[in-house]
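Worksheet for the structure shown next.
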Amino acid sequence: MVADAIDDLADLTLDMREVLWFAEHVSLNDAHFAFRLHFFHWGQHARELSLYLCGRLFG
Numbered sequence: 016m017v018a019d020a021i022d023d024l025a026d027l028t029l030d031m032r033e034v035l036w037f038a039e040h041v042s043l044n045d046a047h048f049a050f051r052l053h054f055f056h057w058g059q060h061a062r063e064l065s066l067y068l069c070g071r072l073f074g
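In this text, residue positions in the sequence shown follow this note's numbering: the first is 16, and each later residue adds one.
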């Protein structure tokens with residue numbers, strides 16, 4: 016389970032770094048587009064990480 020949480024954090028980080036790259040090197044509109052386009056991927060990781068953390072906190 017911990018390995019899955021680490022994978023979720025790593026994937027979230029990579030996806031958000033891509034969004035930041037677009038914001039810094041292309042445009043905010045493209046960054047917003049990338050953010051929304053990849054939501055299906057990073058959103059799933061955010062949800063799974065949230066479930067894992069809630070399980071750890073509240074058992």
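In this text, a Cβ means the ideal position worked out from N, Cα and C, and glycines have one as well.
Nearest-angstrom Cβ-Cβ length linking residue i and residue j, presumed shorter than 8 angstroms
| i | j | result |
| --- | --- | --- |
| residue 23 | residue 63 | 5 angstroms |
| residue 67 | residue 25 | Not quite, the Cβ-Cβ distance comes to about 14 angstroms (not below 8 angstroms), so this is no contact. |
Euclidean distance between Cα positions of residue i and residue j
| i | j | result |
| --- | --- | --- |
| residue 51 | residue 38 | 13 angstroms |
| residue 35 | residue 46 | 7 angstroms |
| residue 69 | residue 41 | 37 angstroms |
| residue 65 | residue 44 | 28 angstroms |
| residue 58 | residue 16 | 18 angstroms |
| residue 162 | residue 18 | Outside the displayed span of the chain (16 to 74) sits residue 162, for which this structure offers no information. |
Member of the options whose CA lies at the smallest distance from the CA of residue i
| i | options | result |
| --- | --- | --- |
| residue 27 | 17, 61 and 16 | 61 |
| residue 33 | 20, 21 and 48 | 48 |
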